[in-house]
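Below, the structure is given as structure tokens:
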């Protein structure tokens, strides 16, 4: 196994068994957890710190939930910096006197940051700290005071999980079971139902890549699943069907990115999705020169909610009348099936009480309103839809809207079965990114652009 | 090669060739280096930052010396924090309001720290930053203003090179040439004269271990060379003789640590020597169960200087008379050979004008005064001799003093040919460390203890 | 994945796609399979042979069953040596004229051996040949003529799978899924019910080792499963229970080898079990110095059949009366429960119509008759029981007989629930092996020896 | 190190130290070497054979030269097959009775083949057998009787070193020193003068690939050195100049194969050069899509000798007059400088007593006679020049003749400084190979073809 050498296993054993070099002194064994933490901070970098760090992490892991909360509170209250000292250092600080900056940085840094750094020296310390943050995040909503502890942990983890330290690795059926098992656990977009399902997703016409950190060699921090297809897929079911026939990747012209997952909750807010996608584009292009297109098949995770808001008139920019105008040409058909005069109301009704024969009636207006939702509904300066926000900021093109693309219960409930192809054109990625980030301009395929300009933009 | 996958090489190529995804925009190509840095800090984490970071590092590398100095000064002057903002945040800070801490930490952190973090994302970014610090350190004595830049770089590097991220690796004749080459370059204690010499040092009866960081997989950050011997070696020459016969390691009972080297100047002040030594002890013990003793054969790098000071009476605690008393029993012999009545003066004289026949006369008094030097001469709270300070703080025992142990020109000049065996007894390491760090008490072998108590301590 | 480099995958692709260097000529594409084989044999070692070999193997794989049979028959009839030429060479042969030997060996070697050697050059050729032999073996009982083809294939495979080319590898939860999957498929002694079961068998208190060949890096040729226990296990169920609690291997004093499996049918008759077992002994001893005992928990695969034969008087050496004498002391109890006066008949009856309360009655006589079966029932010069024959020839000690050790349906049917511990004492292995192979003497534990000498040997 | 795991090192130690499982019995220790060999053959595959095999190999290695000879003779005389038995089996053999074939193959196989197979089981057995054959080959010229032993060893080695078991590996500055060291030792075409020279040959604009066998993971069996250039190189000096500036491989359009070496003399007659070259073509093409041309820069190792023979009229097909005709147009110039009327004699004279100003006079006639030598001088059915024979049989094109291409003493002496570019055009390789092997037709570049047809063919 890369990353866990025999030596490291020996070291584990050494630490486990309390060999002489690394064992805790008897008096330390008596200390409270916070006491051990203070001791660890106070020590001067000796090798025995590793044993101390290990002991602290093990004890923490053994605490019950309320004791963990108490420990976090202690970290918040007693391992922070001292305001008075800070103020003095802040007043003394001058940019042309380095020593005053060094002093200021020293006193301003919460002692728990140093604690975390020293805990990281324990075997598997990084992993333990990531898990610790998970548990901290669980408590944060109820205990905002812990926000300072979280800020410190996050600051360190962001530094340690710097993109420069991550490695892209292909994941396939030759990967260690311990890694594959985690893929199954972490896949949340299109859950994997078991080893057979997993195996299909790692077959010759599929690809999977993840970022790994050297300190967590068995954890895919983020991973993307790719299907190699002929033509851009418009439906999710065939891509995740464990029984689907395996195609010859040599004849594929398109790489469909159909699932991206962040694995470790403890790394929340530290993101590498954009790096992953673009590096995978490069990889695939190098491996399979026949590939011409790179696109996602993505959900619209807030579409159902957004549509609700649109059609009850909650969105200032887009009052119901405007939406009705956008859907004008479908009014008769929609009314005939739903009994509602307002197309907007009709759509909501039909989506809720849909019968089999409604499907063809709904298809076009649903696609158009999805376009409106994606292109116009904003959250701050970016899209209301988080997946759209992510891909468009990455430089993707809003390529195609597919109705009835995900007819699973979840797909219906969340996205009314609609899915979107975001396409990555290496030639345009940078320009698209700039246009979106600076001016909020969305790159669209020619047909969507025409549709948009004719029916939606005209309304504004 | 572990750590440099095919994928990574492709990535290098990608970046090199300016493929679409990672290429610099034309306007960026016009910017000044500081301008690019500002742009990098201002951007929002997009993948194109990698190209920007790479460009900055390459341009920096291409600067001439004075332009590099200018760039460092810009970093010091324009990429620091703002005192006024800091003061405001310091005044607003309250420990029970996490948001105020987050704000304070944000404004207090010099923007160049974020710059360095982003530069680290470039291919080989970590390596470039370590080299950048090397060049910064060269300028520091003349430009103390750069101290703040150095503080920031060192802070980040210390965090990234946390012991938890380092890997112990055995280095032998099967290691990549690119690593071995560095061993030759970095060995400063007993220089390696070429590939044949190197090969001998990596033979069956030798061991070499280093710490490696995943981002610098070809750089031994620190390494130790070990000879497997029967009995504790008292001379250095046989250990580093390229022609020495190779012994069977199975019959060795002693591991002699005869050279420890830090490799990267850019990591100055970030130390892992103690971790390395102790982990190597564990390794060797596991591999070779016949090993009974672990000891160093170490120089006394300040002995010549220290003796000079002792014998001219510069050391308050140890006026010349006291030293003369310590050497009392040798007075006649020394005087006969040197013409000096004071043994101290005699020794200095003889060491400077030594003839072959003086050797046997000098041996005993030289050993005794070396013991005095090691055990009594202080620098602050620790030993004046830095190697003694290192090993004793690590929990070693001052085991034996060997005169005429290093008769090379360098050994004579620096240590008057004396070397010391520091012995590591796993059972005592923790206790010795504590005693030395808390009370300044030095663990000695029984015979040195007797010698010390009888002739030296008695004097105090 | 070790053994399948990127380069090799490229090569696969190259061959797949018929790139220029390796493509088949058009005329070759028209040939019959046997024609291609003749062409391959006739060619002079050029690189294009790889494409030819690949084509042959692919075409063979695509044949239906009857065409495969026809092809094998062609190999038997048309790719053998020529008797007349052989006789001439045999007559010309003189040991002191090397050229006559070279000529003789040349003409005597069936051309199909050379064919197989050239087929082996194709990507995955070795694997294809092993599978080809599987299919050949299936036909052998009905088509003894194919025996010559099998002899040639087996000869080559035995040479290629020489012990010197095999690698011992530990298999655990970090192994590639593609290997683990095969473990599940090949485990025939105690079938693995799924990934959860597998995972338990690879937990911290279990070990699994296999021999691998470099040309089949994903195939464990033979593997052994080991449980680390305190004391020698007497029952199989706890060792293969997926829900069993995981013990700390550090405290184990015994390694129980509870399952050994040959994986590839195509390697039938080419055995490495003895090498595997002994190398694993060394491995475990080195990894876990606390281990004191190495033993198997093995079935008696022919016990039910053998007992049947014993009790109907079919075994010349052991007429029923003698067996009755061996069981003399249990006669009353057995008769009371079974109604049979002959203990032998009683045992058979009870084993067939056993009620819960019979268990305690049966235990002792069952153990004794199992000992008789193991120690006395012969097949040629070795034991009638093949597992006993294997371990005793390997130098194991017949340590303990455990009744009710495998109460699964299969265990009852085959071994009447009895299992045996064969113990490997490194100190005695060689001597035991010699004694068994030369004189048929079985090493037994003291208590079995006593039992045997008192009750069984006495009868002879 | 790939291929030598920790486990294997432990095994070495085990065997070294004579642990219980693998130790030799005392009586074995007394046996003669031939006696041990007989014992090994007679045994039935037990694990202790490994110790026995090891002992035999070690003892052999320890023999002095004459005892080794004696041992080889014993192998020849006493470990061969029995003629009488063979004749009986040959007479009994019928192709439709597999058992008679099995019997025949059994009795015909010299027992020493089985001995070698069993020796191969020892740790590093394969390596020892390859070395054994080296020593055997040294004796073969004087002791033709050993030919039978050599035939057996070669037969086995050829089977074991089947192309299907070899791995192509790139060799660069990241390769283990133990491998690089061998590169230096085995490079015989353009010797490597030291580590600095080696390093240059492994720089970014060079490539080196070798075939490795899993049982000899540190031995490049055959390797090729490649320079990436712009345009086809016409001189060797710049390619092997340790001081040459390093070019950017991205801009190279040509891969120059400038040195191919077989490493192990013990594998003489077992060749894989053609496979290596063609696989390296594929590799380079995949790595560097800008490469357009693949060519060698090769010596004419028998040119000097061949020219001598041509010009003294020793070659039947090409009497001196015909050669003089071929060189007709240069007669005057040659005569003016040499005083010889016959151009052929003039060339030989000038090559032997050449002054600086002769160079330009000689260039054209030298090139033309080299073409004649390459294209017309035969050895059996192939070229007299072995390098030409090799590349042309591989499907290369005789592309260009370069005079003054290797002006080293060795180049002058052997090839009169001439070198040839053989070009590999993937599109033509198969056709060229066929044409050469079937009809002796040589593929030439257009200009050489014209030159040949006009001046040389016309003569016939």
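Protein chains in written order, with this note's numbering: chain X, -1 to 458; chain S, -1 to 458; chain A, -1 to 458; chain U, -1 to 458.
C-beta atoms are modelled at their ideal positions from N, C-alpha and C, and glycine is treated no differently.
Near residue i, what residues of its chain come up, given a Cβ to Cβ distance below 6 Å and the 5 sequence neighbours on each side ignored?
i, result
"residue 463 (chain A)", "Nothing in the structure corresponds to residue 463 (chain A), since chain A is present only between -1 and 458."
"residue 128 (chain X)", "262 and 264"
"residue 329 (chain S)", "341"
"residue 19 (chain U)", "With a pLDDT of only 38 at residue 19 (chain U), under the threshold of 50, the placement of this residue in the model should not be trusted; the figure read from the coordinates follows. Contacts found: none."
"residue 106 (chain A)", "79 and 84"
"residue 126 (chain S)", "55"
Closer than 8 Å by C-beta to residue i: which residues in its own chain qualify, once you throw out the five before and the five after it? Chain order, please.
i, result
"residue 299 (chain S)", "383, 384, 385, 412 and 413"
"residue 38 (chain X)", "47, 50, 51, 54, 113, 116 and 117"
"residue 356 (chain U)", "335 and 348"
"residue 250 (chain X)", "203, 226, 227, 228, 286, 288 and 289"
For residue i, write down the residues that DSSP places opposite it in a beta bridge.
i, result
"residue 208 (chain U)", "U:167 and U:221"
"residue 377 (chain A)", "A:380"
"residue 420 (chain X)", "X:396"
"residue 255 (chain X)", "X:224 and X:294"
So with CB distances below 8 Å, who are the chain S contacts of residue i?
i, result
"residue 178 (chain U)", "175"
Apart from the five residues just before and just after residue i, which ones in its own chain have a Cβ nearer than 7 Å to its Cβ?
i, result
"residue 311 (chain U)", "317 and 318"
"residue 185 (chain U)", "257 and 259"
Around the Cβ of residue i, are there at least 16 other Cβ atoms within 10 angstroms (buried) or fewer (exposed)?
i, result
"residue 444 (chain S)", "exposed"
"residue 199 (chain A)", "buried"
"residue 287 (chain S)", "exposed"
"residue 437 (chain A)", "exposed"
"residue 227 (chain X)", "buried"
"residue 332 (chain U)", "buried"
"residue 378 (chain X)", "exposed"
"residue 180 (chain S)", "buried"
Please list, in chain order, the chain U residues whose beta carbon lies closer than 8 Å to that of residue i.
i, result
"residue 78 (chain A)", "93 and 99"
Please compile the residues from chain X whose C-beta is within a distance smaller than 8 Å of the C-beta of residue i.
i, result
"residue 384 (chain S)", "None at all; the shortest Cβ gap to chain X is about 16 Å."
Distance cutoff 7 Å, beta carbons only. Does residue i sit that close to anything in chain B?
i, result
"residue 84 (chain S)", "Chain labels in this structure do not include chain B; the protein chains are X, S, A and U."
Could you name the residues of chain A that residue i contacts, counting a contact when the two beta carbons are closer than 9 Å?
i, result
"residue 42 (chain U)", "391 and 435"
In chain A, which residues lie less than 8 Å from residue i when you measure between Cβ atoms?
i, result
"residue 124 (chain U)", "162 and 163"
What residues from chain S crowd round residue i, counting only those whose CB sits closer than 7 Å?
i, result
"residue 213 (chain X)", "162 and 163"
Report the neighbours of residue i on chain U: residues whose CB is nearer than 7 Å to its CB, in chain order.
i, result
"residue 459 (chain S)", "Residue 459 (chain S) lies beyond the residue range present for chain S, which begins at -1 and ends at 458; the question has no answer from this structure."
**Prompt:** Does the segment 141 to 148 of chain A touch the segment 136 to 156 of chain U, meaning 3 or more C-beta pairs lie closer than 8 Å?
**Reply:** no
**Prompt:** Does the segment 413 to 429 of chain S touch the segment 387 to 398 of chain S, meaning 3 or more C-beta pairs lie closer than 8 Å?
**Reply:** yes
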